[in-house]
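Structure first, then comments.
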Amino acid sequence: MALISRRSFFLSLPLISLIPITYSYYETKTIEITKLNLGLSFKAAFLVDTHTHEFGEVEGKVIDIVKKEEVDLILVGGDFVDELTRDFKVVEKYIKDLEAKEKFAVMGNHEYWSGKAEELSKILKDNKFKILYDSYELSSYGKIYGIDWRDTRIYKEIKAEGLVLAHDPNAAKFISGKCLILSGHTHGGVVFGNMVLLSNSQFVRGFYNLSRDTKLYVSRGLGQMFPLRPTSPLELLILE
9 MALISRRSFF LSLPLISLIP ITYSYYETKT IEITKLNLGL SFKAAFLVDT
59 HTHEFGEVEG KVIDIVKKEE VDLILVGGDF VDELTRDFKV VEKYIKDLEA
109 KEKFAVMGNH EYWSGKAEEL SKILKDNKFK ILYDSYELSS YGKIYGIDWR
159 DTRIYKEIKA EGLVLAHDPN AAKFISGKCL ILSGHTHGGV VFGNMVLLSN
209 SQFVRGFYNL SRDTKLYVSR GLGQMFPLRP TSPLELLILE
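Each residue of the sequence shown is one higher than the one before, counting from 9 in the numbering used here.
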C-alpha cells in the first residue's frame, strides 16, 4: 500500500469530494467481521475506536456478534470514548454487556484529550476489565501487554511474547519478540486501490509482517467522532 505526500493528498481533494456522502455514512453502520485463524486454543474479540456516543444499532450489533462468537477474551484497544461522549450511562451499558472470561483494555488518545480517562477507567474496572499502562498481565491465555498512548508517538522499546494492545500502530516500531500487536487509531485511512490518500500512520489497516516473529494488525475500528468513513467500513476482529 503506497502512502502519498501531503501535497499530493491536497491535490486529490477534488477526487475525494466525489465520494457520495450517503456511501460514507453507510460505512458507519456496516460492520465487517475479520477472523484471524492463528491456531489458538481460545477465541478473542478485539474492539477499538468505538467512540461511544449512544447505544444504538452499531453497539447492539457488536454485542450480538461478541455473544454469538462465544469469545473467551475481550480486548479493548482505546478510544472507547471521546470529546463528544456525554452520557456515561450509555458507556456503562455498552461495557457491561461485553461478556467474556477475561477482559483487558488500554487507553487511546481521545480518552486523554477529552479528560475522560479516569471516568472510563472506573467503569472498566467495575466491569472486571484489567487496564494495562505500559505493563503486562499473565492471563489464562498467555501474556497480554498494554502500551499506553503517548502524544509524542515515541515509545519505550520492549520485547514481548504474546498479545500486545497498542492504540497507536506507530508503537509497533518499538516492539520486538514473538507477538501479535493489535492496534487501531487510523480508522482504516482513506484508501483507493493501493493508494493511501490519508492516514495518520504508515501502518494503515490490516495485517503486517514486521519480522519473522513480530506481527501487527491494524483494525479499522468500530466508530468515529463524525458520521463519515469513506472507503472504510467498521471492523470487529476475532482471533481464533
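Beta carbons are placed, not taken as given, at the ideal position from N, Cα and C, and that holds for glycine. Bear in mind that the values here come from a model prediction, so they are computed numbers and not experimental data.
Inter-residue spacing [alpha-carbon to alpha-carbon] between residue i and residue j
i, j, result
"residue 98", "residue 91", "15 Å"
"residue 210", "residue 181", "10 Å"
"residue 58", "residue 89", "7 Å"
"residue 142", "residue 152", "11 Å"
"residue 65", "residue 148", "32 Å"
"residue 32", "residue 231", "Only weak support exists for where residue 32 lies, its pLDDT of 46 falling under 50; the coordinates are left without a value."
"residue 29", "residue 212", "Note that residue 29 scores a pLDDT of 45, beneath 50, so its modelled location is shaky and nothing firm can be said."
"residue 215", "residue 133", "30 Å"
"residue 161", "residue 86", "15 Å"
"residue 130", "residue 100", "10 Å"
"residue 178", "residue 233", "21 Å"
"residue 183", "residue 73", "31 Å"
"residue 186", "residue 115", "23 Å"
Within 8 Å, strictly: CB atoms of residue i and residue j
i, j, result
"residue 104", "residue 137", "no"
"residue 5", "residue 192", "Residue numbering for the chain in the displayed model covers 9 to 248; residue 5 lies beyond these limits and cannot be assessed."
"residue 241", "residue 38", "yes"
"residue 140", "residue 173", "yes"
"residue 260", "residue 48", "With the chain represented from 9 up to 248, any question about residue 260 goes unanswered, as that position is not in the structure."
"residue 106", "residue 82", "yes"
"residue 96", "residue 127", "yes"
Cβ-Cβ separation, residue j to residue i (assumed contact under 8 Å), whole Å
i, j, result
"residue 189", "residue 244", "18 Å between Cβ atoms; not a contact."
"residue 79", "residue 113", "The pair is not a contact, with the Cβ atoms about 15 Å apart (cut-off 8 Å)."
Simplified DSSP assignment, three categories, for residue i
i, result
"residue 62", "coil"
"residue 37", "coil"
"residue 29", "With a pLDDT of 45 at residue 29, under the threshold of 50, the modelled position of this residue cannot be trusted; read the value that follows with caution. DSSP places residue 29 in helix when its eight states are reduced to three."
List, from N- to C-terminal side, the alpha helix (DSSP H) runs of 4 residues or more that fit wholly inside the stretch 79–135. 96–104, 117–121, 125–134
Would you mind listing the beta strand (DSSP E) stretches within the stretch 144–213 that are 3+ residues and don't spill past its ends, in chain order? 150–155, 170–174, 187–191, 198–200, 203–206
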